[in-house]
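Asks: Mind looking over this structure? Questions follow.
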Amino acid sequence: MRLRALLDTDALGLRLLGGEDELDRTVRGVMTTDLRDPSRYLSGGELVLTGLAWRRDAADSEPFVRLLVQAGVAGLAAGEAELGNVPEDLIVACVRHRLPLFAVHESVAFATITEHVVRQVSGERAGDLAAVVDRHRRMMTSGPAGGGPDVVLDLLGSDLDLRAWVLSPTGRLIAGPKVAGPGLPADTCAKLAAEHLAAARTGRRGPHRVTLGSSTYSLFPVRSSGRSPQASRDIRETVLSDWLLAVEADAGDWPEERLDLLRGVTQLIAVERDRRDAARTVRRRLAQEVLELVQTGAAPAEIAARLRVAAPVLLPGLGAAPHWQVVVARVEWQDGALEGGPVAQSLLEEILVDPSATGPEPSDRIAVAHTGDEAIALVPLPAVSTEHDGSEAGILADALLESVRDPLAAGLDDDGRVTLGVSASVHSAEGLRGALEEARHARRVAAARAGRVCAAGHQELASHVLLLPFVPDDVRRAFTARLLDPLRDYDRRHRAELIPTLEAFLDCDGSWTRCATRLHLHVNTLRYRVGRIEQLTSRDLSRLEDKLDFFLALRMS
Numbered sequence: 001m002r003l004r005a006l007l008d009t010d011a012l013g014l015r016l017l018g019g020e021d022e023l024d025r026t027v028r029g030v031m032t033t034d035l036r037d038p039s040r041y042l043s044g045g046e047l048v049l050t051g052l053a054w055r056r057d058a059a060d061s062e063p064f065v066r067l068l069v070q071a072g073v074a075g076l077a078a079g080e081a082e083l084g085n086v087p088e089d090l091i092v093a094c095v096r097h098r099l100p101l102f103a104v105h106e107s108v109a110f111a112t113i114t115e116h117v118v119r120q121v122s123g124e125r126a127g128d129l130a131a132v133v134d135r136h137r138r139m140m141t142s143g144p145a146g147g148g149p150d151v152v153l154d155l156l157g158s159d160l161d162l163r164a165w166v167l168s169p170t171g172r173l174i175a176g177p178k179v180a181g182p183g184l185p186a187d188t189c190a191k192l193a194a195e196h197l198a199a200a201r202t203g204r205r206g207p208h209r210v211t212l213g214s215s216t217y218s219l220f221p222v223r224s225s226g227r228s229p230q231a232s233r234d235i236r237e238t239v240l241s242d243w244l245l246a247v248e249a250d251a252g253d254w255p256e257e258r259l260d261l262l263r264g265v266t267q268l269i270a271v272e273r274d275r276r277d278a279a280r281t282v283r284r285r286l287a288q289e290v291l292e293l294v295q296t297g298a299a300p301a302e303i304a305a306r307l308r309v310a311a312p313v314l315l316p317g318l319g320a321a322p323h324w325q326v327v328v329a330r331v332e333w334q335d336g337a338l339e340g341g342p343v344a345q346s347l348l349e350e351i352l353v354d355p356s357a358t359g360p361e362p363s364d365r366i367a368v369a370h371t372g373d374e375a376i377a378l379v380p381l382p383a384v385s386t387e388h389d390g391s392e393a394g395i396l397a398d399a400l401l402e403s404v405r406d407p408l409a410a411g412l413d414d415d416g417r418v419t420l421g422v423s424a425s426v427h428s429a430e431g432l433r434g435a436l437e438e439a440r441h442a443r444r445v446a447a448a449r450a451g452r453v454c455a456a457g458h459q460e461l462a463s464h465v466l467l468l469p470f471v472p473d474d475v476r477r478a479f480t481a482r483l484l485d486p487l488r489d490y491d492r493r494h495r496a497e498l499i500p501t502l503e504a505f506l507d508c509d510g511s512w513t514r515c516a517t518r519l520h521l522h523v524n525t526l527r528y529r530v531g532r533i534e535q536l537t538s539r540d541l542s543r544l545e546d547k548l549d550f551f552l553a554l555r556m557s
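Per full-length UniProt numbering, the sequence shown starts with residue 1, numbered consecutively.
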């Protein structure tokens, strides 16, 4: 607002004592002070209100006014309650420094002026910011100009003094203000995401207000820019994948204009979300193609060629990925009315991001396909290091579960379930089929546990060995005889060495080339022997369950 507008408001009872030529100055705030030197608390553009308690004699006016001018204030309003009329020496000093000066009648409280200025300035800022948001939204809709959601979050901070963050449904920080100030702790992000998901499942319209410690947050859902709140037939289709805008403020008493402004901000962020989802189309298609090749038993060379196409897209600048991991997720709802595959796909694309990473870009390194209620992620690993305990680093089921369990459990409410399985890393196309079966089996191990969100990794599959000493002898003998006796009998009659071949094949993780090299056989000879093993036992060595049964039988024999 401008200083001139103050004189047009009769309720303020202001009289202009000097500075008529400066009344077009913009007022950006208001401050009441009786300090002799208030400059350290001024940032420029304020209307300063004073009761003149700082003035002991006429000599004090000049330095006081000089300090205000140096701080860049818009004007000075002096109360008449303390001294009666405003002293002439103060009027002279203001005229000398071209500082507009007002007299405040003793019947008018400074609080009345402060409330009026704050209300006017806040309203004007909100209008200006709304125009900026609208312009920014149009720019982002037509192309990648505009700078993304970070720009608007900075505007909320600078113009409306609102700190805000964009979070994923699991509490990952996607965007936040770049200005200086304390960030949002990871545990706070997770709690806000959980509160948002729980509130969304109730069907209540946002914003949802949450108090954590001494801070109150208002949570606004970020929905697809092309979808209205009622457009989705079932909230469960999107509740586990929608972003949210967390604003550190209580929106309960906000006017409708400000609420509309924040909803406009969420629409702007939704444009960025839609653009990122569109960019994922290529990665999803690559994952679907690789998955179909693996599941149909395509030649390793064909799978390897497809991986060479995928690696530069997922790991630009690196070339081929030396290692891959497979993560399988399943989302199931009690009533069975909703297909969980698309939900699980979006969910994996969010949670398979390094928790320490911010922004939408890191999630663009994951390729996820889905079929039925299951989603399968193909995760490239640029390098696989070895941990202190000898295990390979990469995605760990325990860490994955820890980062998403609480928020997702809130979104699943009491009618949904998420189970996750994580494979070991493999370094070739030949190992992908085994990794897929391994991840699926790990997910089934997770599904056998209690809880809304469960995960298991490949390390836990080996824990079956710990149970072997406790298996009764008669059960051990019956189990091994059923699987291995047909092979032993065949070896005895034909000297075919099927048992040694089976041991080597399992020890080589199902790799045809490595196993053939170890046994000094041609690959075709190895394939003949494995085919004979499958024929005699009615088992399939490409299935993880059958591999595990053979492994246990050999250990118990």
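Positions of the beta carbon are idealized from the N, C-alpha and C atoms, including for glycine.
1) Helix or strand or just coil, what does DSSP make of T513?
2) Opposite P26 in the DSSP bridges: which residues?
3) Using CA coordinates, which residue listed in D150, E332 and A337 is at the minimum distance from A344?
4) H520 and S425: beta carbons closer than 8 Å?
5) When DSSP labels each residue in this structure, what does R417 get in the three-state scheme?
6) Nearest to L484 by CA position, among L552, A448 and A304, is which residue?
7) Following the continuous alpha helix (DSSP H) through C189, name the residue where it begins and the one where it ends.
8) Where does R405 land, buried or exposed, given buried means 16+ other C-beta within 10 angstroms?
9) Count the other C-beta atoms from every protein chain shown that fall within 10 angstroms of the C-beta of R135, then say buried if there are 16 or more, exposed otherwise.
10) For the 8 Å Cβ check, are there 3 or more pairs between the stretch 249-260 and the stretch 195-203?
11) Could you tell me the boundaries of the alpha helix (DSSP H) in which S346 lies?
12) Can you check which of these residues, V30, G157, L16 and E82, is closest to V95 by C-alpha distance?
13) Would you kindly check if the distance between the Cβ of L293 and the Cβ of V313 is under 8 Å?
14) Mind checking which residues open and close the beta strand (DSSP E) that includes T211?
15) Within the continuous beta strand (DSSP E) that includes H323, where are the two ends?
16) Taking only the alpha-carbon atoms, compute the straight-line gap between G13 and D37 and give it to the nearest angstrom.
17) Once DSSP output is grouped into helix, strand and coil, what is the label at L519?
18) From the DSSP secondary-structure annotation, give me the bridge partner or partners of R273.
19) Between V368 and E349, is the Cβ-Cβ spacing less than 8 Å?
20) Which runs of the alpha helix (DSSP H), 4 residues or longer, sit entirely within the UniProt domain "Purine catabolism PurC-like" (6-121)?
21) Please report the residue range of the beta strand (DSSP E) in which T501 lies.
22) Where do the ends of the alpha helix (DSSP H) carrying E438 lie?
23) Which of helix, strand or coil does DSSP assign to T480?
24) Are the beta-carbon atoms of G51 and E82 separated by less than 8 Å?
25) Quick one: Cα of L67 to Cα of S214, how far?
26) Between which residues of its own chain and R476 is the CB-CB distance below 7 Å, once the five residues before and five after are set aside?
27) Around the C-beta of D242, are 16 or more other C-beta atoms found within 10 angstroms, so that it is buried, or is it exposed?
28) Would residue 563 be called buried (16 or more neighbouring beta carbons within 10 Å of its own) or exposed?
29) Let me know the secondary structure DSSP gives S403 once reduced to three states.
30) Please check the pair V65 and L47, which I expect to be a contact at CB under 8 Å, by giving their CB distance rounded to whole angstroms.
31) Just to confirm before moving on: does the CB-CB distance between W512 and E430 stay below 8 Å?
32) Against chain B, does L68 count as a neighbour if the rule is that its beta carbon must be under 8 Å from one of theirs?
33) Hey, quick one: how far does the beta strand (DSSP E) through L245 stretch, first residue to last?
34) In terms of residue numbering, what span does the beta strand (DSSP E) encompassing E460 cover?
35) Between L420 and A455, how many whole angstroms is the CB-CB distance? I'm expecting something under 8 Å.
36) Indicate whether L412 and V379 have their beta-carbon atoms separated by less than 8 Å.
Replies: Working from what's here:
1) Residue mapping note: residue 513 aligns to position 513 of the sequence shown, counting from 1. Helix at T513.
2) As a position in the sequence shown, residue 26 is number 26, starting the count at 1. For clarity, residue 26 is Thr in the given sequence; the question names Pro instead. In the DSSP output, where bridge partners are listed per residue, T26 has R2.
3) Counting from one through the sequence shown, the residue named residue 344 turns up at place 344. Ranking the options by Cα distance to A344, first place goes to E332.
4) Counting from one through the sequence shown, the residue named residue 520 turns up at place 520. Counting from one through the sequence shown, the residue named residue 425 turns up at place 425. Result no, Cβ atoms of H520 and S425 do not sit closer than 8 Å.
5) Translated into positions along the sequence shown, residue 417 becomes position 417. If DSSP states are grouped into helix, strand and coil, R417 belongs with the strands.
6) Within the sequence shown, the letter at position 484 stands for residue 484. Of the listed residues, the one whose Cα sits closest to L484 is L552.
7) Locating residue 189 in the sequence shown gives position 189, counting from the first residue. Start and end: A186 to T202.
8) For the purposes of this step, residue 405 is identified with residue 405 of the sequence shown, where counting begins at 1. Counting Cβ neighbours within 10 Å, R405 comes out buried, since at least 16 surround it.
9) Indexing the sequence shown from 1 puts residue 135 at position 135. Caution applies to R135, whose pLDDT of 49 falls short of 50 and renders its modelled position unreliable; the value that the coordinates give is listed next. By the 10 Å Cβ count, R135 comes out exposed.
10) no
11) For this step, residue 346 is matched to residue 346 along the sequence shown. Per DSSP, S346 belongs to the alpha helix (DSSP H) from G341 to I351.
12) Translated into the one-based positions of the sequence shown, residue 95 becomes position 95. Minimum Cα distance to V95 is reached at L16.
13) On the sequence shown, position 313 is the one that residue 313 refers to. On the sequence shown, position 293 is the one that residue 293 refers to. No, these two residues do not count as a Cβ contact at 8 Å.
14) To locate residue 211, count along the sequence shown from 1; it is residue 211. Note, T211: beta strand (DSSP E), H208 to L212.
15) Stepping through the sequence shown from its first residue, residue 323 is reached at position 323. Note, H323: beta strand (DSSP E), H323 to W333.
16) Here residue 13 is taken as the residue at index 13 of the sequence shown, counted from 1. Here residue 37 is taken as the residue at index 37 of the sequence shown, counted from 1. Rounded to the nearest angstrom, the two C-alpha atoms are 27 Å apart.
17) Here residue 519 corresponds to residue number 519 of the sequence shown, with the count starting at 1. If DSSP states are grouped into helix, strand and coil, L519 belongs with the helices.
18) Mapped onto the sequence shown, residue 273 falls at position 273. Answer by DSSP bridge pairing: none, since R273 is not bridged.
19) One-based indexing of the sequence shown puts residue 368 at position 368. One-based indexing of the sequence shown puts residue 349 at position 349. For V368 and E349, yes; Cβs fall inside 8 Å.
20) 61-71 and 88-96
21) By one-based count along the sequence shown, residue 501 stands at place 501. Here T501 belongs to no beta strand (DSSP E); instead the alpha helix (DSSP H) covers L498 to D507.
22) Taking the sequence shown and counting its residues from 1, the one referred to as residue 438 is at position 438. From DSSP, the alpha helix (DSSP H) with E438 extends over L432 to A447.
23) By one-based count along the sequence shown, residue 480 stands at place 480. Correct three-state label for T480: helix.
24) What you label residue 51 is simply residue 51 of the sequence shown in a count that begins at 1. What you label residue 82 is simply residue 82 of the sequence shown in a count that begins at 1. Result yes, Cβ atoms of G51 and E82 sit closer than 8 Å.
25) Counting from one through the sequence shown, the residue named residue 67 turns up at place 67. Counting from one through the sequence shown, the residue named residue 214 turns up at place 214. Looking at the two C-alpha atoms, the distance is approximately 36 Å.
26) Working through the sequence shown from its first residue, we reach residue 476 at position 476. Within the same chain, R476 has close Cβ partners M556.
27) Here residue 242 is taken as the residue at index 242 of the sequence shown, counted from 1. Buried, since its Cβ has 16 or more Cβ neighbours within 10 Å.
28) The structure shown does not extend to residue 563, since the chain spans only 1 to 557, so no value can be given for it.
29) Residue mapping note: residue 403 aligns to position 403 of the sequence shown, counting from 1. DSSP places S403 in helix when its eight states are reduced to three.
30) Here residue 65 corresponds to residue number 65 of the sequence shown, with the count starting at 1. Here residue 47 corresponds to residue number 47 of the sequence shown, with the count starting at 1. 14 Å between Cβ atoms; not a contact.
31) Locating residue 512 in the sequence shown gives position 512, where the first residue counts as 1. Locating residue 430 in the sequence shown gives position 430, where the first residue counts as 1. Yes, the pair counts as a contact, with Cβ atoms nearer than the cut-off.
32) No chain B appears in the structure shown, which is made up of a single protein chain.
33) To locate residue 245, count along the sequence shown from 1; it is residue 245. Segment W243 to V247, the beta strand (DSSP E) holding L245.
34) Numbered from its first residue, the sequence shown carries residue 460 at position 460. Unbroken run through E460: none, as it is neither H nor E.
35) Taking the first residue of the sequence shown as 1, we reach residue 420 at position 420. Taking the first residue of the sequence shown as 1, we reach residue 455 at position 455. Right, their Cβ atoms sit about 4 Å apart.
36) Here residue 412 is taken as the residue at index 412 of the sequence shown, counted from 1. Here residue 379 is taken as the residue at index 379 of the sequence shown, counted from 1. Taking 8 Å as the Cβ cut-off, L412 and V379 do not qualify as a contacting pair.
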